[in-house]
Amino acid sequence: MSKLQNAIVGGVRTVLGRVPASWLPGGTPDPIIQKRATLGTQQPRIDGPDKVRGAARFAAEVPMANLLHAAFVHSTVARGKIAELDVSAAEAAPGVALVMTYRNAPKMSVPPAIGITNLKAAGNHTLPVMQDAEIRWNGQAVAVILAETREQAEHAATLVRIRYNAAQSRTRFKDGKKDASTPDSILIERNRVDKGNASKKLAEAAYKIDAVYRTPWQNHNPIEPHAATIAWQDGQLIVHDATQMIHATAGSLAKVFGLKEADVFVSSPFVGGGFGAKGMWDHQILGAAAAKLAGRPVRVMLSRASMHRLVGGRTQTEQRVALGASADGKLTALLHHGYATKPRHSICDEGFSLTGRSLYASASFDIVQHHVDLDLLANSFMRAPGETPGTFAIECAMDELAHQLGMDPVELRRRNVASCDPISGAPHSQSATMTAYDLGAERIGWARRAPAPRARRDGEWLVGMGCAGGTFPFARMPGTSARITLDARGQAHVASAAHEMGMGTATVQRQHAADRLGLPLDSVSVTIGDSRLPFASFAGGSSQTASLGAAISAASGKLAAELLRLAGNDTPLAGLRASDVEFADSGLRSIDEPSRHESFASIFRRSGHKDLSVTGESGPPLEMLKFSMHSTSAIFCQLRVSEVTGEIRIDRLVGAFDCGRILNTKTATSQFKGGMIMGLGMALTEETLLDERSGRIMSTSLADYHVPVHLDVPEIDVLWTDIPDPRTPMGARGIGEIGTTGVAAAVANAVFNATGIRVRDLPITLDKLAFNQTPEKREAISPPEFP
Amino acid sequence: MTITINGSDYPVPLDSRVSLLDMLRERLGLTGTKLGCNQGACGACTVLLDGERVLSCLTLAAQAEGRDVLTIEGLQGADGSLHPLQKAFIEHDGLQCGYCTPGQICSAIAMARELRRGDPSHVTANLAAGPEGPTREEIRERMSGNLCRCGAHNGIVEAIEEMLGGEPA
Numbered sequence: 018m019s020k021l022q023n024a025i026v027g028g029v030r031t032v033l034g035r036v037p038a039s040w041l042p043g044g045t046p047d048p049i050i051q052k053r054a055t056l057g058t059q060q061p062r063i064d065g066p067d068k069v070r071g072a073a074r075f076a077a078e079v080p081m082a083n084l085l086h087a088a089f090v091h092s093t094v095a096r097g098k099i100a101e102l103d104v105s106a107a108e109a110a111p112g113v114a115l116v117m118t119y120r121n122a123p124k125m126s127v128p129p130a131i132g133i134t135n136l137k138a139a140g141n142h143t144l145p146v147m148q149d150a151e152i153r154w155n156g157q158a159v160a161v162i163l164a165e166t167r168e169q170a171e172h173a174a175t176l177v178r179i180r181y182n183a184a185q186s187r188t189r190f191k192d193g194k195k196d197a198s199t200p201d202s203i204l205i206e207r208n209r210v211d212k213g214n215a216s217k218k219l220a221e222a223a224y225k226i227d228a229v230y231r232t233p234w235q236n237h238n239p240i241e242p243h244a245a246t247i248a249w250q251d252g253q254l255i256v257h258d259a260t261q262m263i264h265a266t267a268g269s270l271a272k273v274f275g276l277k278e279a280d281v282f283v284s285s286p287f288v289g290g291g292f293g294a295k296g297m298w299d300h301q302i303l304g305a306a307a308a309k310l311a312g313r314p315v316r317v318m319l320s321r322a323s324m325h326r327l328v329g330g331r332t333q334t335e336q337r338v339a340l341g342a343s344a345d346g347k348l349t350a351l352l353h354h355g356y357a358t359k360p361r362h363s364i365c366d367e368g369f370s371l372t373g374r375s376l377y378a379s380a381s382f383d384i385v386q387h388h389v390d391l392d393l394l395a396n397s398f399m400r401a402p403g404e405t406p407g408t409f410a411i412e413c414a415m416d417e418l419a420h421q422l423g424m425d426p427v428e429l430r431r432r433n434v435a436s437c438d439p440i441s442g443a444p445h446s447q448s449a450t451m452t453a454y455d456l457g458a459e460r461i462g463w464a465r466r467a468p469a470p471r472a473r474r475d476g477e478w479l480v481g482m483g484c485a486g487g488t489f490p491f492a493r494m495p496g497t498s499a500r501i502t503l504d505a506r507g508q509a510h511v512a513s514a515a516h517e518m519g520m521g522t523a524t525v526q527r528q529h530a531a532d533r534l535g536l537p538l539d540s541v542s543v544t545i546g547d548s549r550l551p552f553a554s555f556a557g558g559s560s561q562t563a564s565l566g567a568a569i570s571a572a573s574g575k576l577a578a579e580l581l582r583l584a585g586n587d588t589p590l591a592g593l594r595a596s597d598v599e600f601a602d603s604g605l606r607s608i609d610e611p612s613r614h615e616s617f618a619s620i621f622r623r624s625g626h627k628d629l630s631v632t633g634e635s636g637p638p639l640e641m642l643k644f645s646m647h648s649t650s651a652i653f654c655q656l657r658v659s660e661v662t663g664e665i666r667i668d669r670l671v672g673a674f675d676c677g678r679i680l681n682t683k684t685a686t687s688q689f690k691g692g693m694i695m696g697l698g699m700a701l702t703e704e705t706l707l708d709e710r711s712g713r714i715m716s717t718s719l720a721d722y723h724v725p726v727h728l729d730v731p732e733i734d735v736l737w738t739d740i741p742d743p744r745t746p747m748g749a750r751g752i753g754e755i756g757t758t759g760v761a762a763a764v765a766n767a768v769f770n771a772t773g774i775r776v777r778d779l780p781i782t783l784d785k786l787a788f789n790q791t792p793e794k795r796e797a798i799s800p801p802e803f804p
Numbered sequence: 435m436t437i438t439i440n441g442s443d444y445p446v447p448l449d450s451r452v453s454l455l456d457m458l459r460e461r462l463g464l465t466g467t468k469l470g471c472n473q474g475a476c477g478a479c480t481v482l483l484d485g486e487r488v489l490s491c492l493t494l495a496a497q498a499e500g501r502d503v504l505t506i507e508g509l510q511g512a513d514g515s516l517h518p519l520q521k522a523f524i525e526h527d528g529l530q531c532g533y534c535t536p537g538q539i540c541s542a543i544a545m546a547r548e549l550r551r552g553d554p555s556h557v558t559a560n561l562a563a564g565p566e567g568p569t570r571e572e573i574r575e576r577m578s579g580n581l582c583r584c585g586a587h588n589g590i591v592e593a594i595e596e597m598l599g600g601e602p603a
């Protein structure tokens, strides 16, 4: 991102800083905050019965006649050229219909890159897809096999013979750091922050921490593999996809194949887990290209190995955090520098350096991040990108500082928690982080924590408690639209190309629409998941609920105006404008004189209309630029570490969240817990193993990449402040990602409290604890450099 | 040369490489059984073979010849009513995306039988005496072969506890 972007965003912020808040979206609090009936209650998922029956249809389950199955061949070098290519044996194998390589692949444009200015773009990298003999990462798809069965396709894939002329490649993080780049901006924020001479203040600080934290590559590993069932019909491209970017994938595929947007259809009603991974990668493009060549529909279902070779994960980071403080614990300096791998062809910024800009009111800041360009598969966003590694570093450093000060870690946060944006001074839309800390501390029994490390023991087990904060910015995407169709029986139907991958999208927006329209819950239905429906932005950045909520809210305003028009003059509502009425009791009523009410049924009966359809849109999210808007959390962990083996057992995990209003207590609890469990995985087991000599990912299966299993997951307590955010639709901020942030730090801090060992590189595997039990070794454990 | 699946007989596929999973999903359209890793690491494809849980991706269809396969589709009542465990999954929100769910449910049903039979597990204190009952620890250990990435673990265990509470352990 560019200097120009910094200037534009900075300029808009300056202007908005002078604009009265009442002129902006959320200028007056959403009335639904006060009027909610089903919002805030626990509602079971409306798709629950289908899901427990196995009847929810996923992308690879769409029946289609004459289907071919795809398998992929991946490059085994990181850079170079295909020198020899022999596909004859593969072509001759039983059942094979097509072997596609760069030699016969159709001409395709580079997909448009994901970006905030083009919501119809989904490209995760900027490389041509199978257009030449060039190899750009180890694992790149070099051939696609189509066969009558998957067994036949996978067998034929083993028969493709390729010799590469390998070229010099850059695959070592340490080497890449030497010529790392320093972008002007990270996402929409200016990269470099230099405020108040932090280096000088750090040098002068009475108490200081200066440490390096490392987080490894990680992979999303949804249980549903990436899949698509693809067909060309009369020049139109139909893709049943597993995607959290429906319209962006449709728009991108149109660009890649030179089609009109109206000729690409993407459907994705259910996604078997996404977490950032289910965007558009090469497999949809190659599947569509192969289907075109073969003249038959194609099913792509990536093997776990192909997922790891074609779909990027969360990048590795190396972060230096330096904190300076006075004796009362007040931060005088916050320095956050570091590196994240981001190949030049990659789109997604891993904005770990954003964390320290919002949490604490330090007297000075010095923040910048650098990108390491390696010849690897493009990295991607994974649940709570940026803030997940960022909170690990910042929140471990805060714990280290608390220990040095001899101060309770919660108290240290209390003394430093920001009352406005610490960099820009922008006011919070709503913030009660310390309320969350107090809730969480009480629940876990924080008062029982021994301040000194290694003070509690239970047989061979050392027992400890730790806490850490989490943060994730609010986002509402412009353009997301929803159509409300209201019929004469008072039934409302909401439609939008939004996404369901476990969040409960339709369940919650049904509650919202019911409350918004003054209808009982069973009078509302919701359809999502298809590009034929009104435009929706991606499901990412914890933005979907707010974006869709804003669209439904806008549509309801239009619906009121249209209903008044239909009602005419022969109605108790005569003479009222849309702003004078509200939805109530399956009809409209005057806000000032509630007795003036007419039901939808009555309005439709008189006007003779059968139904009414309106579409509303989420407008420009100017509130994001005027206010500091963040979901925050306080995570508490109690665990045991075996002094014999170094094994860690998590006994309790408590998450207390300040995310505005909670809309459905059942699905929200699940989402928070899910985020926290991914945080547990990050803390303890998850690490994508990259062979830095070859750039090849070694851990390409669920046997090698360790996600938390049932026995790893304790009872998790979830609490929330439930204070409405007056600047957001429904008073809610995002909850999808905040659960993950802060968890790894809380675990690491609890490990320190239990053992006195400070582990600064994730995951905290037992080898980092078992072999370092001597007092001399209770310093930071750093990984050995790769030879 | 047939396999009984949810009470109906189907011919064994001629291609001996066909897994039970692929037979169910690709040939019979029984897509309730999920493919997660196709290498026995995730449990999403769990079905019951003569009442015991197996990973259908690691089971050749030919191995099921003459045997009884029960998949998620065969679990509901003839009238379409949900199995008590399916209801409990909804009630306890033991699912999010729903992809691992059929495997979790099938696995739990067979696990209940293993518990009743007194099969010990890794966390059983006294191997000879068998499990003390359907403790959370026993359930968690025995369900650890069924991965869930959305993080519905607490709800899954609660749903299984509810089912086990309704029958002798």
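From first to last, the protein sequence lines stand for chains A and B.
Numbers in the working numbering are just positions in the first sequence, counted from 1, shifted up by 17.
Numbers in the working numbering are just positions in the second sequence, counted from 1, shifted up by 434.
Even glycine gets a Cβ: it sits at the ideal position worked out from N, Cα and C.
- Query: Between which two residues does the alpha helix (DSSP H) containing A:K195 stretch?
  - Reply: Careful: A:K195 lies outside any alpha helix (DSSP H) and carries neither H nor E.
- Item | Sequence-distant residues of the same chain with beta carbon closer than 7 Å to A:P111, five excluded per side | These residues qualify, in order along the chain: Q169.
- Look at the alpha carbon of A:P46 and the alpha carbon of A:L639, and state the distance between them as a whole number of angstroms. Rounded to whole angstroms, A:P46 to A:L639 spans 15 Å at the Cα level.
- Below-9 Å beta-carbon distance, B:C534 vs any chain A residue: Yes, because at least one Cβ of chain A sits closer than 9 Å to the Cβ of B:C534.
- Task: Mind checking which residues open and close the beta strand (DSSP E) that includes A:K575?
- Result: Segment Q561 to A584 is the alpha helix (DSSP H) holding A:K575; no beta strand (DSSP E) there.
- Item | Residue environment, A:R493, which counts as buried when at least 16 other CB atoms sit within 10 Å | Classification of A:R493: buried, given that the 10 Å Cβ count is 16 or more.
- Within chain B, partners of A:D539 - CB distance below 9 Å: In chain B, no part has a C-beta under 9 Å from the C-beta of A:D539; the shortest such distance is about 17 Å.
- Got a sec: is the Cβ-Cβ distance from A:F287 to anything in chain B below 9 Å? True, the Cβ-Cβ gap to chain B drops below 9 Å.
- Item | Identity of the residue in A:S375, A:S596 and A:I569 nearest A:L581 by Cα | With distances taken between Cα atoms, A:L581 lies closest to A:S596.
- 7 Å CB neighbourhood of A:K217 in its chain, flanking five on each side removed: Sequence-distant partners of A:K217 (beyond 5 residues in either direction) whose C-beta falls short of 7 Å from its own C-beta are missing from its chain.
- Should B:R451 be flagged as near chain A, meaning a C-beta pair shorter than 9 Å? By the rule that beta-carbons nearer than 9 Å mark a contact, B:R451 touches chain A.
- DSSP three-state call for B:L448: helix, strand or coil? Reduced to three states, the DSSP call for B:L448 is coil.
- Message: Would B:V591 and A:H362 be called neighbours here (beta carbons separated by less than 9 Å)?
- Response: The Cβ-Cβ distance between B:V591 and A:H362 does not fall below 9 Å.
- When DSSP labels each residue in this structure, what does A:A485 get in the three-state scheme? Three-state result, A:A485: strand.
- Determine the DSSP secondary structure at A:W234, reduced to helix, strand or coil. DSSP, read as helix, strand or coil, puts A:W234 in coil.
- To which residues of the same chain is A:F803 closer than 6 Å at the C-beta, ignoring the five residues directly before and after it? Because A:F803 sits at a pLDDT of 38, beneath the cut-off of 50, its placement in the model cannot be relied upon, and the following sentence gives the value as read from the coordinates. Only E709 meet the Cβ criterion.
- Mind listing which residues of the region 707-722 of chain A have their C-beta closer than 8 Å to chain B's C-betas, in chain order? Of all residues in the region 707-722 of chain A, S718, L719 and A720 have a Cβ within less than 8 Å of some Cβ in chain B.
- If the cut is a Cβ gap below 9 Å, which residues of chain B does A:P233 touch? One finds nothing in chain B with a Cβ atom closer than 9 Å to the Cβ of A:P233; even the nearest lies about 18 Å away.
- Message: In this structure, how does DSSP classify A:C654 when only helix, strand and coil are distinguished?
- Response: Reduced to three states, the DSSP call for A:C654 is strand.
- Message: Distance check for B:A563 and A:A114, CA to CA, integer angstroms please.
- Response: Cα atoms of A:A114 and B:A563: separation of roughly 58 Å, rounded to the nearest angstrom.
- Assuming A:Y233 contacts A:T705 under a Cβ cut-off of 8 Å, what Cβ separation, rounded to an integer in Å, is found between them? Before going on, a small fix: residue 233 of chain A reads as Pro here, not Tyr. That pair is a contact at about 7 Å.
- Identify, in the order they occur along the chain, each residue of the same chain with its Cβ nearer than 6 Å to the Cβ of A:S284, setting aside the five sequence neighbours on each side. Setting aside the 5 residues that flank it on each side, A:S284 is surrounded in the same chain by H257 and D547, each with a C-beta closer than 6 Å to its C-beta; the list follows chain order.
- Message: Would you say B:M577 lies against chain A (beta-carbon separation less than 9 Å)?
- Response: With 9 Å as the cut-off, B:M577 counts as an interface residue toward chain A.
- Item | Outcome for A:A458 when other beta-carbon atoms lying within 10 angstroms are tallied against a minimum of 16 | Buried.
- Task: Confirm, please, whether the CB-CB distance from A:Y377 to A:A673 is below 9 Å.
- Result: With contacts defined by Cβ atoms closer than 9 Å, A:A673 and A:Y377 do not form a contacting pair.
- Task: Note down the Cα distance separating A:K272 from A:F282, rounded to an integer number of angstroms.
- Result: Rounded to whole angstroms, A:K272 to A:F282 spans 13 Å at the Cα level.
- Message: Counting only beta-carbon separations shorter than 9 Å, does B:T558 have a partner in chain A?
- Response: No, because no Cβ of chain A sits closer than 9 Å to the Cβ of B:T558.
- Write down the C-beta distance between A:I226 and A:L340 rounded to the nearest angstrom, noting that I regard them as a contact closer than 8 Å. About 5 Å; that satisfies the 8 Å criterion.
- Message: Could you check whether the Cβ of B:V591 sits closer than 9 Å to any Cβ belonging to chain A?
- Response: With its beta carbon less than 9 Å from one in chain A, B:V591 belongs to the interface.
- Could you tell me which residues DSSP puts in a beta bridge with B:P568? Looking at the DSSP assignment, B:P568 forms no beta bridge with any residue, so it has no partner.
- Which residues bound the alpha helix (DSSP H) around A:L697? Note, A:L697: alpha helix (DSSP H), T682 to L701.
- Query: Excluding sequence positions up to five away, which residues of its chain have a Cβ less than 7 Å from the Cβ of A:N135?
  - Reply: Cβ within range, chain order: P129.
- Inter-stretch contact at 8 Å, needing at least 3 Cβ pairs: the region 511-530 of chain B / the region 572-589 of chain B: These segments touch.
- Just the Cα atoms here: how many angstroms apart are A:G748 and A:S635? A:S635 has its alpha-carbon roughly 15 Å from the corresponding atom of A:G748.
- Message: Whole angstroms are fine: how far does the CA of A:D425 sit from the CA of A:D201?
- Response: Each residue's alpha carbon lies about 38 Å from the other.
- Message: For the ligand ADP, is there any heavy atom lying closer than 8 Å to the beta carbon of A:K272?
- Response: The ligand ADP is absent from the structure shown, which contains no ligands of any kind.
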